[in-house]
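Following: one structure in structure tokens, then a few remarks.
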């Protein structure tokens with residue numbers, strides 16, 4: 037997700053942070069008005085990209101609810117992505133509207149009522165739903181939209197004439213200028229649309245951004261009216277595309293788009309004869325597996341043509357087999373093999389899908405596809421998502437859910453992007469088919485037109501009227517001032533400038549600031565400064581190493597560091613202290629403004645006593661008569677009821693925190709601050725904005741550098757420093773001060789290379805005290821691991837599926853876990869929370885424990901890593917498989933005994949708790965390097981008695 041988030045353009049970011057703000061408000065205030073937002077834009081403007089980013093961030097925000105309300109069911113769903121078709125749902129990682137809410141697929145079953153049992157089941161699953169995403173809304177029928185409203189109203193138990201969609205927030209994404217539902221009205225004709233939704237339009241084309249003229253042409257054709265002539269320029273471009281088709285400059289297997297299925301079938305039959313050999317014919321079979329030939333009156337139906345397939349044939353899945361796993365209607369690929377059953381009949385068809393993400397779960401359990409980038413399909417009943425009235429009577433008739441796909445209809449192609457497309461326009465019907473077809477390709481060079489009929493390109497003229505009646509999305513007003521009298525300043529605890537530089541550089545506020553102050557840059561030296569340049573800005577930084585004397589405990593600690601960027605046209609003068617202050621700071625004066633900015637940072641490991649002494653010494657050197665901004669993260673929560681010695685002292689010196697009482701972190705604490713000793717009417721020109729890449733929010737403010745009304749405080753106030761009272765009067769002298777090895781704010785790896793920022797935004801793992809007995813058992817396990825593994829044999833089993841039988845014999849079953857290198861941590865997340873989402877957080881906590889106990893683990897590092905530091909750096913990377921060291925550390929930090937099940941082995945206990953009933957269970961496949969989660973057959977948590985377990989200590 038990180039690359040998607042970092043690559044959002046300014047339009048997308050504006051919407052992203054608008055939605056993010058609503059999510060945060062909704063998290064802490066259930067009475068917030070539900071969000072109703074329609075995100076539109078032409079093909080290729082990044083709607084799906086933005087949807088994925090919004091869903092990721094919303095899910096992350098609402099997952100904090102478990103931390104706020106510990107009794108909440110961790111399986112509850114707060115966000116959900118839906119679409120009208122399986123292929124559209126797969127494209128954005130969602131599910132169909134029909135399956136999400138139990139709505140029938142036939143027009144006469146849309147409003148069917150659920151039974152009490154089913155309704156209760158949906159209520160248990162969805163009653164905490166806060167934000168629903170609906171993609172490709174242009175394809176959604178008005179009656180389906182109404183059915184979704186009715187079902188959500190039922191599920192949420194809200195029956196009010198004023199409440200729609202059960203008061204669930206909804207973000208609808210789509211483009212009404214693309215294809216509309218066939219033979220049905222669109223949702224914008226529904227009473228549940230215009231009056232209830234705000235809209236915002238994306239205009240920057242990302243798909244064709246390397247071909248600007250093509251993008252501009254598509255935008256013109258998108259809104260061309262039926263009686264309006266296409267421009268000569270655009271017509272000439274399309275004529276050239278037609279000429280390239282006549283010259284056969286396209287790939288022989290380029291995708292062909294037609295208006296009607298008859299044309300699609302004709303081209304596909306032509307291609308299979310041309311491309312393939314040994315073509316096989318597959319008839320439907322009845323419940324006795326007997327073939328049903330055409331013309332069989334007993335089983336006669338519409339369109340019961342046999343399938344003609346062959347190796348190397350391009351095919352499309354025609355049924356939603358498993359949308360969650362990408363096996364959905366509309367997904368395409370190529371046949372690579374056929375599998376025979378014992379009767380030498382074809383039982384499975386092996387396919388390589390165009391997207392490698394399709395079928396990941398399928399490959400874990402399928403013996404034919406395991407370890408390969410393939411899927412296989414078997415004969416299915418009701419193989420087409422059809423509207424035919426005879427579908428109920430055909431449940432016993434089976435066929436492979438496939439059709440050839442060298443060609444497809446324009447409606448079917450909506451949502452896909454290809455390098456080459458060949459289009460026939462002569463039979464286009466209705467509005468928007470032409471624009472939808474043209475916009476499937478990235479460049480004009482990849483567009484080929486069989487027959488050009490420019491009169492087929494026109495839009496639905498009602499769309500302009502519909503959008504004009506909708507309220508535009510309210511946009512946040514920037515507090516930054518454009519007047520030269522004002523200086524715009526941004527402060528952010530960035531938590532790693534190097535690792536977050538791309539995200540920081542792309543943030544929509546960064547380039548609007550005159551001066552950018554950063555804390556926790558985590559830089560160690562100046563070697564990488566050239567990679568951290570911002571065009572138009574100068575850069576100044578201090579590392580933690582240079583900020584503290586060599587004898588200071590923080591001198592060699594990683595992390596920390598401060599930096600500033602300032603525009604090249606701004607003159608500043610750096611002010612340094614005559615003494616080494618043991619303070620992380622940069623101080624500079626803005627030329628001709630009588631204003632000094634002190635950018636500083638206090639680590640949680642530095643005492644407030646020491647910090648204040650050094651800071652006040654620096655203020656004495658500067659002189660309080662200046663206008664001073666004191667900007668930084670002092671790790672003192674201004675919203676806390678605890679004593680605040682830093683705030684108290686600075687207040688006595690005439691400084692006011694202009695961000696006091698404003699939350700500045702994801703946990704709604706106020707650690708970041710801007711103190712000043714002069715009055716600037718800041719209420720109008722200050723703001724806190726979110727960021728996805730740091731635990732801290734961004735502070736922005738603007739002040740008038742030419743104001744004559746600024747009031748300063750008296751220098752005599754500084755004399756009171758000699759009488760200041762510290763938080764703890766019994767503190768030991770600074771010369772012998774011991775800095776705690778444990779970070780109090782939140783755990784963080786001490787390596788410069790950092791983990792995913794999502795690990796820092798919430799801490800779902802409780803802090804536990806590890807007993808010495810547990811540590812001893814851990815070391816015993818690590819010392820004797822080889823012997824334990826050699827002597828652990830339950831029985832010899834060769835059956836591939838015997839592990840399920842082995843578990844079933846003790847009342848357990850497997851829960852499949854995604855195999856992406858994080859499977860162990862995903863399995864542990866499932867054991868703890870019944871979902872896999874917190875695997876990164878668990879990995880982070882494990883790495884923290886490894887760092888804090890490096891000496892204990894160092895003797896067990898193998899030759900591949902050579903040192904414990906190398907091992908920790910490798911293990912901290914997302915997607916790295918967990919080994920015995922990581923598993924042992926995880927057990928301890930969770931205060932759980934991890935029970936590992938393996939085929940032919942006695943369940944092995946990895947010690948982590950003093951109590952035998954503190955158990956989590958995972959299944960290990962040594963040949964696959966994969967872990968699955970284990971639960972009881974009734975889905976309760978697994979548990980074994982001491983007699984059933986092999987102890988390792």
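Numbering (my numbering), first residue to last: 37 to 989.
Backbone N, C-alpha and C define an ideal beta-carbon position, used for all residues, glycine too.
Note that the structure is predicted; figures quoted are calculated from it, not measured.
Exercise for the section: With DSSP collapsed to three states, give me the class of residue 494. Expected result: Reduced to three states, the DSSP call for residue 494 is coil.
Problem - Local conformation of residue 352 per DSSP, three classes - result: Residue 352 falls in the strand class under three-state DSSP.
Practice task
Quick one: residues in its chain with C-beta nearer than 7 Å to the C-beta of residue 780, no 5 flanking neighbours on either side, listed in chain order?
Solution key: Below a pLDDT of 50, predicted positions are generally treated as unreliable, and residue 780, at 29, falls in that range; no measurement from the model is reported.
Handout entry: Cβ-heavy atom distance, residue 152 to the ligand COA, below 7 Å
Key = Of the ligands one can find in the structure shown there are none, so the ligand COA has no counterpart to examine.
Handout entry: C-alpha distance - residue 227 paired with residue 37, whole-angstrom precision
Key = 36 Å
Handout entry: Per-residue burial, residue 489 [other beta carbons within 10 Å of its own, 16 or more giving buried]
Key = It counts as exposed.
Exercise for the section: In the DSSP assignment, find the unbroken beta strand (DSSP E) run with residue 740 in it and report its ends. Expected result: 734 to 740
Exercise for the section: Check whether the segment 623 to 638 touches the segment 661 to 671, counting contact only when three or more Cβ pairs, one atom from each stretch, lie closer than 8 Å. Expected result: yes
Handout entry: C-alpha gap between residue 262 and residue 461, whole angstroms
Key = 15 Å
Problem - CA nearest to the CA of residue 614, picked from 592, 642, 655 - result: 655
Exercise for the section: Select from 569, 493, 231, 288 the residue whose C-alpha is nearest the C-alpha of residue 482. Expected result: 288
Handout entry: 8 Å contact criterion, which residue 8 and residue 46 should meet: CB distance rounded
Key = No answer is possible for residue 8: the residues shown for the chain start at 37 and end at 989.
Exercise for the section: Indicate the three-state DSSP secondary structure (helix, strand or coil) for residue 469 in the structure shown. Expected result: helix
Exercise for the section: Determine contact between the segment 292 to 300 and the segment 452 to 469, defined as no fewer than three beta-carbon pairs at a distance below 8 Å. Expected result: The segment 452 to 469 and the segment 292 to 300 touch, with three or more beta-carbon pairs separated by less than 8 Å.
Exercise for the section: Drop a sphere of 10 angstroms on the beta-carbon of residue 61, count the other beta-carbons inside from all chains shown, and report buried for 16 or more, exposed for fewer. Expected result: exposed
Exercise for the section: Return the chain-ordered ranges of every beta strand (DSSP E) run that is complete within the segment 232 to 293 and spans a minimum of 3 residues. Expected result: Counting whole runs of 3 or more residues, the segment 232 to 293 contains the beta strand (DSSP E) stretches 234 to 238.
Practice task
Within the segment 344 to 418, note down every full alpha helix (DSSP H) run reaching 4 residues or more, in order along the chain.
Solution key: 396 to 401
Problem - Simplified DSSP state of residue 295, which is helix, strand or coil - result: coil
Practice task
Could you name the residues that DSSP lists as bridge partners for residue 551?
Solution key: 525, 602
Practice task
Just confirm the distance between the C-beta atoms of residue 76 and residue 212, as a whole number of angstroms; I'd bet it's less than 8 Å.
Solution key: 7 Å
Exercise for the section: Ignore the nearest five residues each way along the sequence and tell me which others in residue 372's own chain have a CB closer than 6 Å to its CB. Expected result: 386, 388
Handout entry: N-terminal and C-terminal residue of the alpha helix (DSSP H) that residue 908 is part of
Key = 904 to 911
Problem - Stretch pair the segment 304 to 319 + the segment 76 to 88: three plus CB contacts closer than 8 Å - result: no
Exercise for the section: Tell me, please, which residues DSSP counts as bridged to residue 72. Expected result: 206
Practice task
Pair every Cβ in the segment 523 to 536 with every Cβ in the segment 726 to 733, then say whether three or more of these pairs are closer than 8 Å.
Solution key: yes
Exercise for the section: Let me know the secondary structure DSSP gives residue 649 once reduced to three states. Expected result: helix
Problem - Three-state secondary structure assigned by DSSP to residue 964 - result: In the structure shown, residue 964 sits in coil (DSSP, three-state: anything other than H, G, I, E or B).
Practice task
Using only alpha-carbon positions, find the residue among 809, 472, 509, 949 that is nearest to residue 256.
Solution key: 472
Exercise for the section: Counting only runs of 3+ residues fully inside the segment 657 to 690, write out the beta strand (DSSP E) ranges in chain order. Expected result: 663 to 669
Problem - For residue 621, the nearest candidate out of 588, 576, 604 (CA to CA) - result: Its Cα nearest to that of residue 621, the residue 576 stands out among 588, 576, 604.
Practice task
Could you work out which residue in 734, 678, 687 is closest to residue 699 when comparing CA atoms only?
Solution key: Nearest of 734, 678, 687 to residue 699, Cα basis: 734.
Handout entry: Beta-carbon proximity check, residue 495 vs residue 271, cutoff 8 Å
Key = no
Exercise for the section: Using alpha carbons as the reference points, say which of 539, 869, 561, 193 lies closest to residue 160. Expected result: 193
Handout entry: The alpha helix (DSSP H) enclosing residue 875, as first and last residue numbers
Key = Note, residue 875: alpha helix (DSSP H), 875 to 888.
Exercise for the section: Note down, in chain order, each residue of its chain lying with its Cβ closer than 6 Å to the Cβ of residue 932, except the 5 sequence neighbours on either side. Expected result: When the five nearest sequence neighbours on each side are left out, the beta carbons in the same chain lying within less than 6 Å of the beta carbon of residue 932 are those of 948, 949, 954, 956, in order along the chain.
Problem - Sequence-distant residues of its chain with Cβ nearer than 6 Å to residue 321 (five each side left out) - result: 327, 434
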